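In the working numbering, the protein residues as written are 2 to 215. See structure below.
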Amino acid sequence: MEQTEKKRDFKVLAEKISPDNVLIMSELLAIKETKTLIRFMSRHAVIAHAKLCKDVFCKDTQGYVLSDCYDIVQSVAVFLCEHYGEYLDDFLYISKRGKRITIKIECCLIVTRMLCRKYCYMQKYISLEKANMKIEAMAEETEEEDYSIVDAVIASLNLTENMNLALDYRMSGMSYPDIAKMLSRATSTVYEYFIKMRQRYLSTYSGYIYPRCH
């Protein structure tokens, strides 16, 4: 029991990266970052955080199958293996926006990018599913099914992953600067995403009234 408690002690994050602690570090970093992302990504991050916690605590249980969220831990671990003998707070590089990136921050960015990709995939899958339901049950649709129409329109625009994710964030109420932060892009780039989305919408549905994005 004493050994188990030591493995879950966040003090390990202050140690030098080594083969003995790299997996523990990766698990703790993934758990911390998914918890932080809850305020941005809401339910999706809550689910990912819960799955990761369960994986970490139950992985040694006989017959337990790791969830796909544990891929995040493994990606962080692979990255940390390249930095044996260093510390998480050691300098790594300067970002394009002039921010000082440490090994720890890069690990957090890995978690964020992976979770965003998973979230984007889920949203695309759900949207297509709703669109199919719309086609099959056209005569019986109610007010709720207006969302299916929106999803079908979005799916028809063939948006890139980042565009799709930016739109999902915007529809959930996030500001352009917050979206830029989540996507690790400049705010101007996010604006360009929405300009391109508007252009695609207009070229495809020129006969409809165009809903503005505020």
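All C-beta atoms, glycine included, are put in the ideal place defined by N, C-alpha and C. Please read these numbers as outputs of a predicted model, since none were measured by experiment.
*Alpha carbon of Val-79 to alpha carbon of Ser-204, nearest angstrom*: Near 44 Å, if we compare the C-alpha coordinates of Ser-204 and Val-79.
*Would DSSP call Ile-18 helix, strand or coil?*
Residue state for Ile-18 is assigned as coil, using DSSP reduced to three classes.
*Could you spell out where the beta strand (DSSP E) holding Phe-58 opens and where it closes?*
Where Phe-58 is concerned, there is no enclosing beta strand (DSSP E), although the alpha helix (DSSP H) it sits in stretches over 44 to 59.
*Give the single residue among Arg-199, Met-198 and Met-164 whose Cα lies nearest to the Cα of Met-183.*
Met-183 has its Cα closest to that of Met-164, out of Arg-199, Met-198 and Met-164.
_If you follow the alpha helix (DSSP H) that Arg-201 is in, where does it begin and where does it stop?_
In the DSSP annotation of this structure, the continuous segment of the alpha helix (DSSP H) that includes Arg-201 starts and ends at 188 to 205.
*Since Arg-171 is in the alpha helix (DSSP H), which residue starts that stretch and which ends it?*
That run of the alpha helix (DSSP H) goes 162 to 172.
*contact_flag[the region 95 to 108, the region 150 to 160] where n(CB pairs < 8 Å) is 3 or more*: No: the two stretches stay apart, fewer than three of their Cβ pairs being nearer than 8 Å.
_Whether or not the region 14 to 28 and the region 82 to 90 are in contact is what I'm after, with contact meaning three or more pairs of Cβ atoms, one per stretch, closer than 8 Å; do they touch?_
Contact holds: three or more Cβ-Cβ distances are below 8 Å.
*asked:* Within a Cβ cutoff of 7 Å, which residues of the same chain sit near Val-23, ignoring the five residues on either side of it in sequence?
replied: So the list reads Ala-78, Leu-81 and Cys-82, once near-sequence residues are dropped.
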